[in-house]
Structure formats: C-alpha cells, structure tokens
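Asker: Under this note's numbering, read the sequence shown as residues 5 to 556, first letter to last. We put the CB at the ideal spot given by N, CA and C, even for glycine. All values derive from a computational prediction rather than experimental measurement.
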Amino acid sequence: MKAFFRWAWLALAFAARAEELTTQAFLSQDALVPGTTFRIAVTVELIKPWHVNANPVNDPNLIPTTLTWQAPPFVTVERTLYPPGRLVKPEWADKPISLYEGRLVIFAEGRVAAHAPLGPVKIEGKLRYQACDDQSCLPPKTVPVVVETAVAATANPLHPELFGTVPSSRSEEPNHIASLIRQYGWLPALFFVFVGGLALNLTPCVYPMITITISYFGGTGGARSVGRAFVTSLVYCAGIVVTYSTLGLLAALTGSLFGALLQNPIVLVVVALLLVGLALSMFGLYEIQPPRFLLERATGLSSKAGFVGVFFLGAMIGIIAAPCLAPFVVALLTFVAQRANPWLGWWLFFVFACGLGLPYVVLGTFSGLLSRLPKSGTWMVWVKRVFGVGLLGVAVWVVSPLWMGGGSGGEGGIVWEPFSRERLREALAAGRPVVIDFSAEWCGPCRKMERTTFRDGRVVEKARGFVMLKADLTRPDSPASEAVRKEFGVLGVPTVVFLGSNGVEHRALRQTEYVSADQFLSLLEKALAPASTNTSSAGTMPEMPASLMKPF
C-alpha cells in the first residue's frame with residue numbers, strides 16, 4: 005500500500021509537470037491596417053514551483069526563453085521585447101541566475117505592408133522555454149502562440165492596460181537583421197566570426213595564395229575592365245561562401261552525430277593532438293604547405309572554365325588553406341553542432357566566409373593594389389606565433405570536457421561511460437548492476453551533482469561496483485533522446501535509474517531531482533543489497549524493455 009501511494013504521488017507530480025505555464029496573446033487593436041504598425045502582448049503565467057530562464061541569460065549553459073513568429077508575407081514582426089529577468093540563486097547554482105517567475109509579458113512590434121489585402125490573417129508564434137524548479141529541470145519545450153485577426157481599412161485600440169506600458173517604437177525603420185540578432189544575442193558572435201575570417205587571410209597558408217589567385221582575375225586573358233574583374237571576384241567569393249555555408253548547415257543538421265563524436269574522449273584527445281601539431285608548425289618546428297599540384301590544378305581549372313572555374317577555385321580554398329583554418333573552423337563546427345540550429349549554422353559560416361573572401365573582392369577588382377601588399381617577412385613570423393598560441397588555446401578548450409564535469413567525469417570523480425544499448429546489454433550479460441544518469445548541459449542540478457555528489461570519495465568508491473552510464477539529453481527532441489526517454493519513462497533531468505544485475509529496475513530508488521552525496525551513497529548501498537530488501541513489490545515492477553535485451 006505504501007508503494008502504491010508513492011507511485012500515485014509521483015504520477016500526480018509528473019502530471020503537474022505538463023502544465024508549467026499558460027500563455028495568452030493579445031493584439032493592440034481589433035484589426036490590422038495596411039501601411040501601419042501593430043503590437044502583440046503575450047502573457048505568460050508560470051505555475052509554482054516552476055521558473056524559466058530569462059532572455060538574455062547570464063549563464064551560457066542555460067537556454068533562454070524565446071518567442072519567434074511566422075506571419076504572411078505582407079505582415080512583418082520586426083522585433084520582440086523581453087522583460088528583464090530577476091536574479092535568483094537556486095539551490096543547484098553557484099551564482100544568481102536571471103529567471104522569470106510568476107507572471108511576465110513579452111511584447112512584439114510589427115508592420116503591415118501597404119499592399120496588404122483585406123481579409124482574415126493569422127500570426128503564429130512559438131514560445132520556447134526550459135522550466136526548472138529548485139531540484140530538477142524539464143527538457144526544453146515549445147508551445148504555440150496564435151493571433152487571429154483581420155486586415156481592415158480602420159482599427160480601434162484594445163487592451164490599453166497592457167500596451168500603455170510598452171516603450172514607444174523608434175521613428176526610424178527597424179533593422180530586421182538587428183532585430184533577429186537582438187533576440188538571440190548573436191551580434192558579438194557574428195562580428196567576431198567575420199573578423200576571424202578576415203584575419204585568417206594573414207595566416208601562412210592563405211596569405212601566399214592572394215597573389216596567385218588575384219593575378220588570374222586581373223591579368224589572365226588580356227586586359228579586363230574593372231566591372232569584369234569585380235564580377236569575377238564576386239564569383240570567386242561566392243565559391244568560398246557556398247562551401248562554408250553548406251558546411252555550417254550540415255554541422256547543424258547532423259549535430260547529434262557530430263556531438264556524439266565530440267563526447268568520445270578518444271576523439272577529443274586526437275583532435276587536441278592534431279591542433280598541437282599544427283601549433284608546433286606555427287612555431288617553426290616544421291612547415292605545412294598546401295600541395296603545389298593542388299594549386300596548379302585549381303588555377304588551370306579556373307583559366308579553362310571561365311566563371312564556373314573561378315567558382316570552384318574559390319570553393320577549393322577550404323582544402324588548400326585547411327592547416328591554418330582548422331582551429332577556427334573546428335571551434336565553429338563544435339559550437340554549431342551543439343546548438344543544432346540549421347539557420348544559426350548557415351549564418352555563422354556565411355559571415356565567416358564573407359570575411360575570408362572580402363580581400364579577394366577588393367584586390368581582384370583593383371589588381372593594382374597587389375603591389376602595395378606587404379611582402380612576407382618578419383611580421384609573418386609573429387603572425388604565425390600568434391596563431392600558434394591560439395591553436396594551443398583551442399586544443400586546451402577541446403579537451404576541457406574531460407576534467408570539467410563531462411560525461412567521463414573529472415579527476416577524482418566517477419568515470420562515466422556514454423550510454424548505449426550495446427553497452428547496457430554487455431553489462432547485464434556479465435551480471436553487473438547498472439546506474440544510468442540522465443542529464444543535459446542545460447540542467448543546473450545535473451551540473452551541481454557533477455561538481456559535488458559525483459566527486460565525493462565515498463560515492464566514487466562505491467560506484468566501482470556498478471557500470472556507470474550517462475545518457476546525454478541535451479537535445480531532447482533528437483530521435484535518440486526521444487527513444488531512450490520513452491524506454492525508461494524519463495520526464496525531466498536529472499533522473500537516475502538503478503538496474504539490478506538481472507535487468508530489473510529498483511523503481512523505489514529512482515531519483516528525479518538533485519541528490520546529495522550522502523543520499524546517493526545510501527542509494528548505491530540499497531541497490532547492492534539483496535533483492536528482498538529493495539524489491540518487496542518486485543512482482544509489480546516492469547521488466548527491462550525487450551529491445552535492450554536483444555540485438556537491433
């Protein structure tokens with residue numbers, strides 16, 4: 005009976021988690037008028053004890069609350085205004101976190117095109133948030149927000165109690181890109197990426213190519229007009245842009261695969277060693293140069309195939325300049341893959357490629373500027389050394405998850421293995437008990453457990469009697485995450501599951517919130533105790549999913 009009430013309480017608790025908040029959308033007027041502006045207010049009521057992250061967040065590991073819009077072509081939502089967050093220090097945090105609690109209002113400002121047709125119109129929004137309480141976090145969730153109205157010749161104001169508090173719109177035409185960047189906070193990142201692409205032209209691998217490639221634009225095939233040279237340079241730059249934009253898009257679309265590789269300690273070490281090797285070449289220990297035959301073939305192709313050849317010549321710069329571009333590109337690929345946002349991936353690499361290709365457009369158009377470029381000399385040696393230091397920094401950053409609470413644990417902490425069905429079957433076949441920790445990068449309580457509970461010496465010692473698996477749910481909507489969540493009934497993180505050597509879960513030991521070292525030690529001891537002490541209701545406990553006990 006006691007077990008029954010415990011499970012009934014848990015069921016009610018999990019049911020409540022499905023209603024962390026409610027939303028309602030309001031329009032500032034009863035219709036949209038062509039050629040005018042409008043405002044939308046979305047009220048969000050958070051149900052205790054839940055809170056969501058503010059926008060912007062003051063912790064890069066947390067997911068900000070965002071509201072995005074999709075409207076007909078003649079309606080434009082130009083910017084979204086978020087309220088300031090309240091600094092709160094949850095039990096799992098080391099510092100105050102900017103959060104939203106209780107009731108908040110998110111405003112949006114838009115414009116109706118002068119040619120907008122009269123009739124009904126629907127503006128659809130998506131509110132994305134991550135809800136947490138003081139002990140655990142739910143996976144990020146997206147809920148719809150819909151505004152249904154009509155385009156009419158006249159309109160009357162509505163809800164002055166809401167819209168009277170909205171700051172007045174600026175008189176100038178809002179910058180649409182600036183609105184997007186302001187909403188997601190990527191302006192510094194985009195600027196840094198552009199400057200990074202521009203600066204990479206000074207590296208030893210790329211700089212010598214400037215004269216080789218630009219000489220074709222201005223000197224091959226007889227005299228060329230400035231206009232012709234400009235178009236040729238743009239085509240060359242387009243090859244660079246298409247190559248890197250595609251690379252960023254693929255990194256975002258295959259984020260789960262790329263991210264899984266980057267969670268493997270062996271892969272991290274190999275990448276770090278590669279970066280260290282490149283750094284040593286920058287310090288002059290040895291030289292890495294692009295293959296001469298590749299340069300000759302690319303130049304020959306461009307001279308024979310006109311604009312098509314020039315386009316492919318630009319596309320090939322990624323291969324030719326790989327030794328110098330690797331650290332920057334690897335860092336960008338890692339960032340994009342972790343975010344798994346195709347639009348973001350495309351934009352970051354588009355801006356990067358624009359910075360990389362800008363000098364070619366300028367110098368290709370005005371070939372006479374080539375004579376003013378500084379010759380390779382002592383300054384190039386110092387540039388190489390600066391990039392060498394940067395390479396070493398990236399190498400350290402790549403392997404930092406190995407000691408900063410990543411999946412394999414830090415020094416003195418539990419050594420976790422990445423969760424896989426194959427590894428779980430092997431452990432159960434060997435008669436080993438298993439602990440599965442479901443966590444995520446955006447989960448504050450999970451990070452606190454990594455810093456405290458899983459580094460306690462007593463816990464580490466007791467954990468040696470188990471196979472310790474960590475399931476990363478950072479991307480909860482990925483097919484792999486959804487499958488494992490359904491298999492084990494995981495509703496939020498942290499969730500810790502204890503399996504006996506027979507594959508049966510000790511359901512009474514399952515944890516769905518932060519657990520201290522003393523509590524976790526007690527749970528491990530109970531999981532190792534004879535079955536009769538832990539599974540008094542074993543007859544009602546579900547068996548291990550059959551899919552985990554047999555090969556795919």
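Any contact between the region 146 to 155 and the region 36 to 54? By contact I mean 3 or more CB pairs, one from each, below 8 Å.
Answerer: The region 146 to 155 vs the region 36 to 54: in contact.
Asker: If residue 421 sits next to residue 503, beta carbons under 8 Å apart, how far is it from one beta carbon to the other, in whole angstroms?
Answerer: Not really, about 14 Å apart at Cβ, beyond 8 Å.
Asker: Alpha carbon to alpha carbon, how far is residue 439 from residue 513? Give it in angstroms, no decimals.
Answerer: If I take the Cα positions, the gap works out to 11 Å.
Asker: Tell me where the beta strand (DSSP E) around residue 522 begins and ends.
Answerer: Unbroken run through residue 522 is the alpha helix (DSSP H), 521 to 532; no beta strand (DSSP E).
Asker: Do residue 139 and residue 517 have their C-beta atoms within less than 7 Å of each other?
Answerer: The answer is yes: Cβ separation under 7 Å.
Asker: The alpha helix (DSSP H) with residue 429 in it runs from where to where?
Answerer: Residue 429 -> alpha helix (DSSP H) spans 425 to 433.
Asker: So, helix, strand or coil for residue 45, using DSSP?
Answerer: Reduced to three states, the DSSP call for residue 45 is strand.
Asker: Residue range of the alpha helix (DSSP H) that residue 464 falls in?
Answerer: 461 to 467 is the span of the alpha helix (DSSP H), which, as asked, contains residue 464.
Asker: Do you know how far the Cα of residue 239 is from the Cα of residue 232?
Answerer: Taking the straight line from one Cα to the other gives about 11 Å.
Asker: Give me the Cβ distance between residue 54 and residue 82, rounded to the nearest whole Å; I'm assuming they're in contact under 8 Å.
Answerer: Rounded, the Cβ-Cβ distance is 30 Å, inconsistent with contact.
Asker: Suppose the cutoff is 7 Å on Cβ atoms and the five residues either side in sequence are ignored; what does the same chain contact list for residue 59 look like?
Answerer: So the qualifying residues of the chain are 68, 69, 70, 86.
Asker: Closest to residue 356 by C-alpha separation, out of 450, 389, 242, would be which residue?
Answerer: Minimum Cα distance to residue 356 is reached at 242.
Asker: With a floor of 4 residues, list each alpha helix (DSSP H) that falls wholly inside the region 79 to 157, ordered by position along the chain.
Answerer: Listed in chain order, nothing qualifies, since the region 79 to 157 has no complete alpha helix (DSSP H) run of 4 or more residues.
Asker: Express the C-alpha separation of residue 476 and residue 493 in angstroms, rounding to a whole number.
Answerer: Each residue's Cα considered, the two are about 15 Å apart.
Asker: Is the region 450 to 463 touching the region 505 to 512 in the sense that three or more CB pairs, one from each, lie closer than 8 Å?
Answerer: The region 505 to 512 vs the region 450 to 463: no contact.
Asker: Whose C-beta lies closer than 6 Å to the C-beta of residue 197 among residues of the same chain, with five residues either side of it excluded?
Answerer: If we look at residue 197 and ignore the five residues flanking it on each side, its Cβ neighbours are 352, 355, 356.
Asker: For chain C, find out if any of its Cβ atoms is closer than 7 Å to the Cβ of residue 38; answer yes or no.
Answerer: No chain C appears in this structure, which consists of one protein chain only.
Asker: Can you tell me where the alpha helix (DSSP H) holding residue 470 begins and where it ends?
Answerer: No alpha helix (DSSP H) contains residue 470, which DSSP labels as neither H nor E.
Asker: Out of 31, 519, 463, 428, point me to the one whose CA is closest to residue 149's CA.
Answerer: Among 31, 519, 463, 428, the Cα nearest to that of residue 149 is on 31.
Asker: Return helix, strand or coil for residue 52, following the three-state DSSP convention.
Answerer: If DSSP states are grouped into helix, strand and coil, residue 52 belongs with coil.
Asker: Which of helix, strand or coil does DSSP assign to residue 24?
Answerer: Note: residue 24 maps to coil in three-state DSSP.
Asker: Flag this pair as yes or no: are the beta carbons of residue 396 and residue 507 separated by less than 7 Å?
Answerer: Not in contact: residue 396 and residue 507 (Cβ atoms no closer than 7 Å).
Asker: Evaluate the contact criterion for the region 99 to 116 versus the region 43 to 50: three or more CB pairs, one atom per stretch, below 8 Å.
Answerer: Yes, they touch.
Asker: Name the DSSP beta bridge partners of residue 70, please?
Answerer: DSSP, once it has assigned bridges, lists 132 as partnering residue 70.
Asker: Out of 488, 443, 526, point me to the one whose CA is closest to residue 428's CA.
Answerer: The shortest C-alpha separation from residue 428 is found at 488.
Asker: Identify which residue in 430, 469, 450 has its Cα closest to the Cα of residue 532.
Answerer: Out of 430, 469, 450, 469 has the C-alpha closest to the C-alpha of residue 532.
Asker: Among the candidates 61, 76, 453, 444, whose CA atom is the shortest distance from the CA of residue 96?
Answerer: Looking at the Cα atoms, 453 is the closest of the given residues.
Asker: Applying the criterion that 16 or more other CB atoms from any shown protein chain within 10 Å of the CB defines a buried residue, is residue 479 buried or exposed?
Answerer: So residue 479 counts as buried.
Asker: Which word fits residue 529, buried or exposed, when buried means at least 16 other C-beta atoms lie within 10 angstroms of its C-beta?
Answerer: Exposed is the call here.
Asker: Should residue 251 be labelled buried (16 or more other beta-carbon atoms within 10 Å of its own) or exposed?
Answerer: That one is buried.
Asker: Could you tell me whether any non-hydrogen atom of the ligand MG is closer than 6 Å to the CB of residue 347?
Answerer: Of ligands this structure carries none, so the ligand MG is not represented either.
Asker: In terms of DSSP beta bridges, what is residue 443 paired with?
Answerer: 476.
Asker: Taking the alpha-carbon positions, what's the residue 93 to residue 350 distance?
Answerer: So the alpha carbons of these two residues sit roughly 36 Å apart.
Asker: According to DSSP, which residues form a beta bridge with residue 422?
Answerer: According to DSSP, residue 422 bridges with 474.
Asker: Report all residues from its chain with a CB closer than 6 Å to the CB of residue 441; omit the five preceding and five following residues, and keep chain order.
Answerer: For residue 441, where only same-chain residues beyond five positions count, the Cβ hits under 6 Å are 474, 500.
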